[in-house]
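K.L.:
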Amino acid sequence: MAGRLDAPELPDFDILKRLARDQLVYLLEQEFPCCQLPGKKDLFIEADLMSPLDRIANVSILKQHDVEKLYKLENKMVQGVSDQLCFLVRPRIASVKHVAEIVNADKASARLRKYKIIFTPQKFFMCETVLEEEGIFGDVTFDEWAFYLLPLDDDIISMELPEFFRDYFLMTYELWKEMVEDSENEIKPRQAEIGRVFFLDRDVDYVTPMCSQVVYEGLVDDVFRIKCGSVDFGSEVTSLNKSVKVLLNSQDKVFKEIRNEHFSNVFGFLSQKARRLQTQYDKRQGMDIKQMKDFVSQELKNLKQEHRLLSLHIGACESIMKKKTKQDFQELLKSEHALLEGFEIRESTNCVEEHINRQISPLESLRLMCLLSQTENGLISKDYRSLKTQYLQSYGYDHILTFANLKQIGLLTEQQPGETLTAVESTMGKLVTDKAVGKLTDAFSSLARKSHFRALSKRLNLIPRTEEEYDLKVPRDMAYVFSGAYIPLSCKIIEQVLERDSWAGMEEVSRLLNNNEFITIERSMDAGYSCNAQRVILVVFLGGCTFSEIAALRFLGKEKGFKFVFVTTAITNSFRMLESLLES
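Heads up, the sequence shown is in my numbering, so the first residue is 3 and it goes up one at a time.
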């Protein structure tokens, strides 16, 4: 294997936080006539904005700018105590109606107050329509907080938009194209800092987020749920009577070294780390007064912090082990790997049935059904109807809407009559004319969305084929993020383009991806285009990305000398994706 190349340095993304904080403070302090609310005020915050806001402007900062009390905007009526109320919300109908309830309650009791709604990241026309329908359009002022990007780490930026729809892709691409054209028309062009940009829509690869994560950061997300780059570890981890909120990023020296590791390697690393820390503590023995003073002032604080973080990550690993052992995790992984490889499909279907009938988890059962559907280009009618019936009997008939949602986005589909003929299309060519085959091919392509996972897997070598046992301690490719069983499709596409230095030769892959376009924007390579910039790759995931995909591309970057920067609408996993579609 060739030696690894050093990746280029990245710019400081914290400026995005500072700009967002400054704009929010300005909106809170604006004076009349520009959307007035100077002076003391209560701030109502939509639930899923509380974690992002905490990363931008914590409670102490808000109180410095005349926010007296903070409330979560939720179904139960909370009216606040101040004479001025400010609402920080997403542009959603339900949120606007919650605001209207509070305002109308004041009007009913003849209480006069001032109200301001701050929509983030922007206000939609439908919000004004709802305000008019609720009869409060003239009672409130509103503004926009253009909060689009939240840096979660040195190389991860999230839009924190979990309810992102595919329709945004065209908008995003057009915006990017306009930015490129504007920069090329500048009299004095800026020096390029990014070599390539990839836009990936989530529906290009549904298989990856449906797989169980086995890298440490992915497992922490699955088990404890990471929100805006931080996690709450409960008493089962901390051994205390309270939970502890931990920021998970590269500033955590322990986490930085284990986040991308396969979970089987993490305990070994933590043990070595514990021994090294103990050795550093033991240095105190035999020190004179001056040495002890230097040790206390320079090293002791950092050692205590590392020891604290080490204890938390050891506790997290133990908790993960207990939960996964209880769930027969290894047997589950074997079933998943069989699905990915296309082996023992009947046994895998029986495994899904058993999972449903044991009522282990509605989301886990759905995840396995979706993975089976994605890898098999939809379920045959007999299996689809049988699994659907068993699921509804186990978890309730309200989930009929869940199946409609899954079918609509192509996650869980039923094979239509004639679809299985695509596998023997080449044989039919021997029996009928080319023209007839062409008509049949057109008919096949007009059917509902297909995953074509088997064909893609074969063409892109997504399933490593080797007689040797995969060494997870010294991984040879990105497949290590799924125990050597599967290379994430989304990441493999990026690897192929970088190896070819173009999209050339990827036409068949495009066809198998339901003719998703590969669009290239050529940019002139002038003298100001540095070598380092060419090695910085921006990957934009529209619809969310997983920590497994991030870990895989970080591995690729180390191997090939690239530095990947990730922008995503949100960090996702199978549970987050399915929760948004779950009806109960």
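Backbone N, C-alpha and C fix where the C-beta goes; we use that ideal spot for every residue, glycine too.
Are the segment 481-494 and the segment 407-421 touching, with three or more C-beta to C-beta distances below 8 Å?
P.N.:
no
K.L.:
In the DSSP output, what is H264 paired with across the bridge?
P.N.:
Looking up residue 264 in the sequence shown gives position 262. DSSP, once it has assigned bridges, lists V217 as partnering H264.
K.L.:
So, is T391 buried or exposed, given that buried needs 16 or more other C-beta atoms within 10 angstroms?
P.N.:
As a first step, residue 391 is located in the sequence shown; it is residue number 389 there, counting from the start. Exposed, since its Cβ has fewer than 16 Cβ neighbours within 10 Å.
K.L.:
Classify I81 as helix, strand or coil using the three-state DSSP reduction.
P.N.:
For the purposes of this step, residue 81 is identified with residue 79 of the sequence shown, where counting begins at 1. Residue 81 is actually Gln in this sequence, not Ile. Residue state, collapsed to three classes: coil.
K.L.:
Verify the CB distance criterion: does I120 have a CB-CB separation below 8 Å to chain C?
P.N.:
This model lacks chain C altogether, as it is built from one protein chain only.
K.L.:
Assuming Q66 is part of the alpha helix (DSSP H), what are its boundary residues?
P.N.:
Here residue 66 refers to the residue found at position 64 when the sequence shown is read from its first residue. Run containing Q66: V61 to Q66, per the alpha helix (DSSP H) assignment.
K.L.:
With distances taken Cα to Cα, identify the nearest neighbour of K565 among G197, P477 and G41.
P.N.:
Indexing the sequence shown from 1 puts residue 565 at position 563. Here the closest residue by C-alpha is G197.
K.L.:
Beta strand (DSSP E) containing F200: first to last residue?
P.N.:
By 1-based counting over the sequence shown, the position of residue 200 is 198. F200: member of the beta strand (DSSP E) spanning R198 to D203, first to last residue.
K.L.:
From what residue to what residue does the alpha helix (DSSP H) around K229 run?
P.N.:
Mapped onto the sequence shown, residue 229 falls at position 227. Run containing K229: none; DSSP gives neither H nor E here.
K.L.:
Per DSSP, what kind of secondary structure is S160 in: helix, strand or coil?
P.N.:
As a working note, residue 160 is residue 158 in the sequence shown. It is a strand residue.
K.L.:
Determine the contact status of V217 and N251, defining contact as a CB-CB distance below 8 Å.
P.N.:
Position 215 of the sequence shown holds residue 217. Position 249 of the sequence shown holds residue 251. No, they are not a contact pair.
K.L.:
By alpha-carbon positions, which one of Q307, M289, L272 and F144 ends up nearest to A318?
P.N.:
Indexing the sequence shown from 1 puts residue 318 at position 316. Ranking the options by Cα distance to A318, first place goes to L272.
K.L.:
The alpha helix (DSSP H) that contains T404, what's its start and end?
P.N.:
Sequence index remark: in the sequence shown, residue 404 carries index 402 (1-based). From DSSP, the alpha helix (DSSP H) with T404 extends over I402 to I411.
K.L.:
Quick test of the definition: if touching needs 3 or more C-beta pairs under 8 Å, does the segment 535-553 touch the segment 564-579?
P.N.:
yes
K.L.:
Taking L514 as the reference, give the member of S160, D56, T131 and D207 with the closest Cα.
P.N.:
Position 512 of the sequence shown, counting from 1, holds the residue named residue 514. Of the candidates S160, D56, T131 and D207, the one whose C-alpha sits nearest the C-alpha of L514 is D207.
K.L.:
From the DSSP output, in three-state form, read off E136 for me.
P.N.:
On the sequence shown, position 134 is the one that residue 136 refers to. Residue state, collapsed to three classes: coil.
K.L.:
Going along the chain, which residues of its own chain have a beta-carbon closer than 7 Å to the beta-carbon of P603, five neighbours each way excluded?
P.N.:
This structure gives no information on residue 603, because the portion of the chain shown stretches from 3 to 586.
K.L.:
May I ask you to verify whether the segment 465-473 touches the segment 494-502, counting CB pairs closer than 8 Å and requiring at least 3?
P.N.:
The segment 494-502 and the segment 465-473 do not touch, with fewer than three beta-carbon pairs separated by less than 8 Å.
K.L.:
By how many angstroms is the C-alpha of L249 removed from the C-alpha of S321?
P.N.:
On the sequence shown, position 319 is the one that residue 321 refers to. On the sequence shown, position 247 is the one that residue 249 refers to. Roughly 18 Å between the two C-alpha positions.
K.L.:
Please name the residue in Q418, D254, P123 and Q280 whose C-alpha comes closest to that of S232.
P.N.:
By one-based count along the sequence shown, residue 232 stands at place 230. Nearest of Q418, D254, P123 and Q280 to S232, Cα basis: D254.
K.L.:
Flag this pair as touching only if the segment 145-153 and the segment 15-28 have three or more C-beta atom pairs under 8 Å; answer yes or no.
P.N.:
yes
K.L.:
Which whole-angstrom value describes the C-beta separation of F543 and V209, a residue pair presumed to lie in contact below a C-beta threshold of 8 Å?
P.N.:
Taking the first residue of the sequence shown as 1, we reach residue 543 at position 541. Taking the first residue of the sequence shown as 1, we reach residue 209 at position 207. So it is not a contact: roughly 15 Å between Cβ atoms.
K.L.:
Report the rounded CA-to-CA distance for K42 versus D141, giving the unit in angstroms.
P.N.:
The sequence position of residue 42 within the sequence shown is 40, counting from 1. The sequence position of residue 141 within the sequence shown is 139, counting from 1. Straight-line Cα distance between these residues: approximately 19 Å.
K.L.:
Determine the direct distance from the alpha carbon of N60 to that of K74, and round the result to whole angstroms.
P.N.:
Residue numbering aside, residue 74 sits at position 72 when the sequence shown is read from its first letter. Residue numbering aside, residue 60 sits at position 58 when the sequence shown is read from its first letter. Their Cα atoms are separated by approximately 14 Å.
K.L.:
Considering V246, what are the terminal residues of the beta strand (DSSP E) in which it resides?
P.N.:
As a working mapping, residue 246 is identified with position 244 in the sequence shown. Taken as a continuous stretch (DSSP letters only), the beta strand (DSSP E) holding V246 covers V246 to L249.
K.L.:
Below 8 Å on the Cβ atoms is my guess for E136 versus R92; work out the distance and round it to an integer in Å.
P.N.:
What you label residue 136 is simply residue 134 of the sequence shown in a count that begins at 1. What you label residue 92 is simply residue 90 of the sequence shown in a count that begins at 1. That belief does not hold up - the Cβ atoms of E136 and R92 are roughly 17 Å apart, past 8 Å.
K.L.:
Going residue by residue through the segment 451-520, where are the continuous beta strand (DSSP E) segments of at least 3 residues, counting only ones entirely within it?
P.N.:
You should have found no qualifying run.
K.L.:
Would you mind reading off the limits of the beta strand (DSSP E) that contains C547?
P.N.:
For the purposes of this step, residue 547 is taken as residue 545 along the sequence shown, with counting starting at 1. From DSSP, C547 is part of no beta strand (DSSP E); its letter is neither H nor E.
K.L.:
Which term fits E338, buried or exposed, when burial requires 16 or more other beta carbons within 10 angstroms of its beta carbon?
P.N.:
Taking the first residue of the sequence shown as 1, we reach residue 338 at position 336. It is buried - the Cβ of E338 has at least 16 other Cβ atoms within 10 Å.
K.L.:
Less than 7 Å between C-beta atoms, sequence neighbours within five positions excluded: which residues of the same chain meet that for V1?
P.N.:
Residue 1 cannot be examined here, being either before or after the span of the chain that is shown, 3 to 586.
K.L.:
Taking DSSP as the reference, what is the three-state secondary structure of P153?
P.N.:
As a working note, residue 153 is residue 151 in the sequence shown. Residue state, collapsed to three classes: strand.
K.L.:
Look at the alpha carbon of L87 and the alpha carbon of M79, and state the distance between them as a whole number of angstroms.
P.N.:
For the purposes of this step, residue 87 is taken as the residue at position 85 of the sequence shown. For the purposes of this step, residue 79 is taken as the residue at position 77 of the sequence shown. Going by the C-alpha atoms only, they are around 14 Å apart.
K.L.:
How many angstroms separate the CA atom of A4 from the CA atom of G559?
P.N.:
Here residue 4 corresponds to residue number 2 of the sequence shown, with the count starting at 1. Here residue 559 corresponds to residue number 557 of the sequence shown, with the count starting at 1. With a pLDDT of 43 at A4, under the threshold of 50, the modelled position of that residue is not reliable, and no figure is offered here.
K.L.:
Assuming A107 contacts Q81 (C-beta within less than 8 Å), just tell me the rounded distance between them.
P.N.:
The sequence position of residue 107 within the sequence shown is 105, counting from 1. The sequence position of residue 81 within the sequence shown is 79, counting from 1. With a Cβ gap of about 6 Å, A107 and Q81 count as contacting.
K.L.:
Please go through the same chain and pick out, in chain order, the residues whose beta-carbon is closer than 6 Å to the beta-carbon of F557, but skip the five residues on each side of it.
P.N.:
Taking the first residue of the sequence shown as 1, we reach residue 557 at position 555. M480.
K.L.:
Rounding to the nearest angstrom, what Cα-Cα distance links L154 and R57 in this structure?
P.N.:
Within the sequence shown, residue 154 is the residue found at index 152, counting from 1. Within the sequence shown, residue 57 is the residue found at index 55, counting from 1. Computed Cα separation, rounded: 9 Å.
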